[in-house]
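Asks: Chains as they are written, first to last, in this note's numbering: chain A, 1 to 118; chain B, 1001 to 1522.
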Amino acid sequence: MIHSLPGNFPFVAAVVLLGIGLYILIFRRNLIKIVMGIAILGSSINLFLITLGYRIDGDAPIYTEVPSELMVLPVVQALTLTNIVIGVATSALILSLVIRIYRHTGTLDSVKSRRMKG
Amino acid sequence: MSTLIAHSSILIIAVTLATAFLTPLVGIASKRARNTLIVLALAFVAFLVVALARDVMLNQIHVYTLGAAAPDLTIPGGAIVPVRIILEVDGLSAFMGIVIAIVSLVAVIYSMSALKTETGQNGFYTLLLLMAAGMFGMVFTGDLFNLFVFLEITSISGAALIAFRTKFADSQEGGFKYIVVSAVASLMILFAIGLLYSQYNLLNIGALAATMEYTMLDRIALVILMSAFVMKLGGVPLHMWLSDTYSVAPASIPALLIVASQASLYALLRTSFTLYGVTLDQSVAGWIIIIVGLLSMFVGVTMAILQTDITRLIAYNCVCESGFMLVGLGVGLAVLADPGALDAFGTMAMNGAVFHMINHALFEGLLFLVAGAIFYRIGTRDLNQMCGLGHTMKLTSVLFLLGALASAGIPPFNGFASKILIYESVYQFNPILTMIGILVSILTLAVFMKVFFSAFTGASLPRYRDVREVPRPMVAAMIVLAAGIIFFGLFPGLVLDWIVQPATDALVNQGAYIDAIMGAVP
């Protein structure tokens, strides 16, 4: 399967996800959808980082005695793992703020719930 | 003592983090013990920062390799590039460290009485210390990915602090805006880090700078990094979130948020001067920063005139003041490749801008603390509701006037000392920039005179007859900042020689930063 796709296909997927995330952030008014937009943006960056380090037929970099020449880059995987953890913390905080905003204003529409202007 | 200094950069971050997590535990037992612990820990951290800064300025760039046999063993035997996380403290990092240490200590002392009646104080101090640790990490780290992680720590704890008073709807909205902006900015930063890593397989700033080739991908990464950091510091096309978040945070937090913005400014400087440095097309990048700065100055001050909410007005003034720093640094960047112009006015412009960073933290912090003191006593931020507060809050009104005059650049306060450096040097680069700067300063004075006359002068209203001066810890915190304003205004030469000049030298001298990591041998 992976051999039949062009080599830079995952990068295209990452950029498409990035575009979807930015579109949601700019054009959607629902606060929950904004949280989803940030999550999609985070996933696209994660996909991008993992793809950077991936080598077709590469081994996982977990050996002390290396069995083959080709290995997957471990550093980007560590970066991705960190970003996933940070993403969970960010989503949890934003969702709790959304709950608070809903309790105060009774709406999730960012135009109606807005208290500050100018 | 020398061992302590050798390990001080990691100790500063570690002590702050450890205290953050000890705070709720100690807080269960006793409030007094918790407050003592926090103040002692931050005072110890401030001592370490000053000792480290002195060492950096007298000797050389300080490096600390985490997990290595010796702190200065940046490249392990057998490797050709650094593989561990390295903390690297040069003049600019040490300068930022001093700013962070002063402001976080003041913010804690102020909060001790400003938040006395609030619930959830254990959580508040934990978040405050986490934010301080994040900022220290941002300015001390020599590793791009580590910078991203510390930026996220700062943003997440900052957003939680803004939304700390859950009873107000607007503070929840402010916290939401802050975290959305920060999350997007830091994800874009990670994207740019990925672009750089894909070409060079490096994350260390010094090592990246040494191998930088300035390809097309590097330019894209530069644009993404610069716009993300400008977004985090609130430069003008991307400033909309700033007034909404600063104005609703608990009184002492805007002072910290200013420093967090400046840590982003530091990251912007690190990127443009150290990471790209000589490979960069300096005059284009410099002019972009200058234009962002001019827009910030102009939009910030005009929006400030319109505001009737006191903290919101000061927040717009922050946008305006960061414009001055951006203009000074942009001029420095634009002439970086031209040694003649750099000696004639470039260094002076950067000196002015770096000096303005610490001045900005002091007077803008003071103004926010004064606004917080007014809110603490009368429970409103609306200028139309205030009148004659100067009759009963004498000290507060004097302190406000001090901060306002410093911000407008009136001698003998510190704002004048840094603004005159920027005016003089920028005039030699392009006279129009100086004219706009002076005009903006005059408008700033007008803005603050409006606040002073509507809030502090006038007849004393019956409903504010019982308003008293704020409690002593709050006054003490404000006086510390006010003393800094006067001291820096009266002895600018001392400050310039000791902390500002080394910071500017560190910015210009990209080679020294690289050599500290890679060793002098190429």
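We treat Cβ as the ideally placed atom computed from N, Cα and C, and that holds for glycine.
The structure displayed is predicted, hence computed values, not measured ones.
(1) Would you list, in sequence order, the uninterrupted alpha helix (DSSP H) runs of no fewer than 4 residues that lie entirely inside the segment 1071-1125 of chain B?
(2) Which ranges would you report for the beta strand (DSSP E) in the segment 1017-1077 of chain B if only whole runs of at least 3 residues count?
(3) Given Gln-1428/B, which residues of its chain have a CB within under 6 Å of its CB, disregarding the five upstream and five downstream residues?
(4) Based on the DSSP secondary-structure assignment, which residues constitute the bridge partners of Asp-109/A?
(5) Per DSSP, which one or two residues make a beta bridge with Asn-1204/B?
(6) Just to confirm before moving on: does the CB-CB distance between Leu-47/A and Asp-57/A stay below 8 Å?
(7) Buried or exposed: where does Ile-1432/B fall if 16 or more other Cβ atoms within 10 Å of its Cβ makes it buried?
(8) Whose C-beta lies closer than 7 Å to the C-beta of Leu-1313/B among residues of the same chain, with five residues either side of it excluded?
(9) In terms of residues, what are the limits of the alpha helix (DSSP H) holding Phe-1536/B?
(10) With distances taken from CA atoms, which of Gly-1332/B, Leu-1294/B and Ser-1397/B is nearest Phe-1368/B?
(11) With a threshold of 16 other CB atoms inside 10 Å of the CB of Ser-1441/B, please say whether the residue is buried or exposed.
(12) Among the residues of its own chain, which have a CB less than 6 Å from the CB of Thr-1279/B, if the five just before and after it don't count?
(13) Does Ser-1454/B come within less than 8 Å of chain A when only Cβ atoms are used?
(14) In chain order, what residues of the same chain lie with their CB nearer than 8 Å to the CB of Ala-1408/B, ignoring the 5 residues before and after it?
(15) Three or more C-beta pairs under 8 Å: does that hold for the segment 1312-1332 of chain B against the segment 1349-1360 of chain B?
(16) Under 7 Å Cβ-Cβ, which residues of chain B neighbour Asn-83/A?
(17) How long is the line joining the alpha carbons of Thr-82/A and Ile-50/A, rounded to whole angstroms?
(18) I'd like the span of the alpha helix (DSSP H) that includes Ser-1397/B, first residue to last.
(19) Taking Cβ positions only, does Phe-27/A come closer than 8 Å to chain B?
(20) Run through chain B and tell me which residues come within less than 8 Å of Thr-64/A, C-beta to C-beta.
(21) Closest Cβ-Cβ distance between Val-1299/B and chain A: below 8 Å?
(22) Skipping 5 residues on each side, what residues in its chain have a beta carbon closer than 6 Å to that of Gly-87/A?
(23) Per DSSP, what are the beta-bridge partners of Phe-1515/B in this structure?
(24) In or out: Val-1103/B buried (at least 16 other Cβ within 10 Å) or exposed?
(25) Strictly below 7 Å CB to CB, what residues from chain A border Glu-1152/B?
(26) Any idea which residues DSSP pairs Met-71/A with across the strands?
(27) When the Cα atoms are used, what is the spatial distance from Ala-1018/B to Val-1335/B?
(28) In terms of alpha-carbon separation, which member of Ile-1010/B, Leu-1066/B, Leu-1187/B and Tyr-1178/B lies closest to Thr-80/A?
(29) Tell me which residues of the segment 1149-1181 of chain B have at least one Cβ-Cβ distance to chain A shorter than 7 Å, keeping chain order.
(30) Quick one, which residues of the segment 1010-1028 of chain B are near chain A if we go by CB-CB under 7 Å, in chain order?
(31) Taking Tyr-1427/B as part of the alpha helix (DSSP H), name the residues at either end of that continuous run.
(32) Assuming the contact rule is C-beta atoms closer than 8 Å, Leu-1129/B and Thr-1023/B should be a hit. Round their C-beta distance to whole Å, please.
(33) Is DSSP giving Asp-1497/B helix, strand or coil here?
(34) With DSSP as the reference, label Asp-1382/B as helix, strand or coil.
(35) Considering Cα atoms alone, identify which of Leu-1105/B, Ala-1020/B, Ser-1261/B and Gln-1060/B is closest to Leu-1242/B.
(36) Would you please verify whether the beta carbon of Ala-1183/B is less than 8 Å from any beta carbon of chain A?
Replies: By the coordinates alone:
(1) 1091-1114
(2) 1062-1065
(3) Phe-1345
(4) Asn-30/A
(5) Asp-1143/B
(6) no
(7) exposed
(8) Ala-1304, Gln-1307, Val-1447 and Val-1451
(9) Residue numbering for chain B in the displayed model covers 1001 to 1522; residue 1536/B lies beyond these limits and cannot be assessed.
(10) Ser-1397/B
(11) buried
(12) Met-1212 and Tyr-1214
(13) no
(14) Gly-1415, Ser-1441, Ile-1442, Thr-1444, Leu-1445 and Phe-1448
(15) yes
(16) Leu-1190
(17) 12 Å
(18) 1394-1408
(19) no
(20) Residues of chain B passing the Cβ test: none, with the nearest at roughly 15 Å.
(21) no
(22) Gly-42
(23) Note on identity: in this sequence residue 1515/B is Asp, with Phe being the wrong assignment. BP columns for Asp-1515/B are empty, so no partner.
(24) buried
(25) Ile-86
(26) Asp-59/A
(27) 43 Å
(28) Leu-1187/B
(29) Val-1149, Glu-1152, Ile-1156, Ala-1159, Ala-1160, Ala-1163, Thr-1166, Ala-1169, Asp-1170, Gln-1172, Glu-1173, Gly-1175, Phe-1176, Ile-1179 and Val-1180
(30) none
(31) 1414-1429
(32) 7 Å
(33) helix
(34) strand
(35) Ser-1261/B
(36) yes
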